[in-house]
Amino acid sequence: MFSLMGGGLLCAVSGLILLIVATATDFWMQYRYSGNLSNQGLWRFCVGSKCHPHTITLAFWDATRAFMLLSILSSFAGIILGLTAYSSSVRSTRTRAAGITLLIAGLFALLGVSVYTGVTVNFYGKRYPDWRFSWSYILGWIAVILTISAGVFHICAVPRNSSPNGSNVASG
């Protein structure tokens, strides 16, 4: 039980760090614009070495931002629940709640990067012939895998025949 919880917490913390880095950085996509290598993130775009905030608000940026921020908050809550499960008398309930919260965080992150993927491929793929997804975007997908894995680990760590107060009855 503790090894699965420990693995789940390791995946959750790693996923949270990657979610924060992916959401905050400006390298979701790279493309050539007027001969310059340009990149953009969720909050701003950079042409050459000068970065500017997005001047127009598109729904897919707002949706991706919202889902990524919700994922960060849920992942943080899942980590707190997972940590408190070690010292709680209701260990199985907290571990299950941590797993469900981390699965929800993974779902939010999955929705965020999926929305970004769909719009980028259909809109920017036709507009800029020389474009590619960049490392911030890739970190977002890795964070999805880690966060969902953390939720699965926590749910698998809950004993099947546990009582609600977390004490296990040994049969034998």
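Under numbering that gives the first Met the number 0, the sequence shown has 126 at position 127, and the numbering climbs by one with no breaks. For each residue, glycine too, the CB sits at the ideal point set by N, CA and C. Predicted, not measured: the structure shown is a model, and the values here were computed from it.
Query: Closer than 7 Å by C-beta to Ile-19: which residues in its own chain qualify, once you throw out the five before and the five after it? Chain order, please.; Result: Ile-71
Query: Can you list the alpha helix (DSSP H) stretches of 4 or more residues lying completely in the stretch 111–169, in chain order?; Result: 134–156
Query: Roughly how many angstroms separate the alpha carbons of Ser-91 and Ile-16, rounded to a whole number?; Result: 26 Å
Query: Which residue's Cα is closest to the Cα of Cys-50: Ala-62, Phe-26, Trp-60?; Result: Phe-26
Query: In angstroms with no decimal places, state the Cα-to-Cα distance between Arg-31 and Arg-126.; Result: 11 Å
Query: Do Trp-134 and Thr-22 have their C-beta atoms closer together than 9 Å?; Result: no
Query: Phe-66 by DSSP, collapsed to three states: which one?; Result: helix
Query: Under a Cβ-count criterion, where at least 16 other Cβ atoms within 10 Å of its own Cβ denotes burial, should Tyr-123 be classed as buried or exposed?; Result: exposed
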